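Report on the following structure.
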Amino acid sequence: MLRISIVESSSQACTLRVEGQVKGCFVEELRRSCEQALVSGSRLRLDLADVSFADSCGVALLKNLSRRQVALVNLSPFIGEQLKEGAF
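Here the sequence shown stands for residues 18 to 105, where the numbers follow this note's numbering.
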């Protein structure tokens, strides 16, 4: 299960809190939510404090978002290590 909620939103920035596991069909749900914020021109920040797991597709999405200047904050040590593996 994955829960995505808007914590802060303004014309310049948006913070989404992500809770649960970024895997399977939930990867696409997170991608859509992020694209909506990015299309509006807002800087995007993902609070990942409550993400307990990401599968390979979830990790790939997070890496891609990071390359697009999306701030990934409050990573658990586990998710942080997953993102370090391989080239960013």
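C-beta atoms are modelled at their ideal positions from N, C-alpha and C, and glycine is treated no differently. From a predicted model like this one, the values you see are computed outputs, not experimental measurements.
Task: Extent of the continuous beta strand (DSSP E) run through Ile22 - done: By one-based count along the sequence shown, residue 22 stands at place 5. The sequence shown places Ser at residue 22, not Ile. Looking at the DSSP string, the run of the beta strand (DSSP E) that includes Ser22 is Leu19 to Ser26.
Task: Residue ranges of each alpha helix (DSSP H) within the segment 40-90, 4 or longer - done: 42-56 and 73-84
Open item on the list: What would DSSP say about Leu33, mapped onto helix, strand or coil?
Closed with: Looking up residue 33 in the sequence shown gives position 16. DSSP places Leu33 in strand when its eight states are reduced to three.
Task: Burial state of Phe105 (16 or more Cβ within 10 Å) - done: Locating residue 105 in the sequence shown gives position 88, counting from the first residue. Because the pLDDT of Phe105 is 43, which lies under 50, any placement of that residue in the model is unreliable, and the question is left without a value.
Open item on the list: Tell me whether Ala54, by its Cβ, gets closer than 6 Å to a heavy atom of the ligand GTP.
Closed with: Only the bare structure without any ligand can be found here, which leaves the ligand GTP out of the picture.
- [ ] In angstroms with no decimal places, state the Cα-to-Cα distance between Arg34 and Pro94.
- [x] Against the sequence shown, residue 34 aligns to sequence position 17. Against the sequence shown, residue 94 aligns to sequence position 77. Using only the alpha carbons, I get a separation of about 17 Å.
Open item on the list: Can you give me the C-alpha to C-alpha distance between Met18 and Asp64, rounded to a whole angstrom?
Closed with: For the purposes of this step, residue 18 is taken as the residue at position 1 of the sequence shown. For the purposes of this step, residue 64 is taken as the residue at position 47 of the sequence shown. Rounded to the nearest angstrom, the two C-alpha atoms are 16 Å apart.
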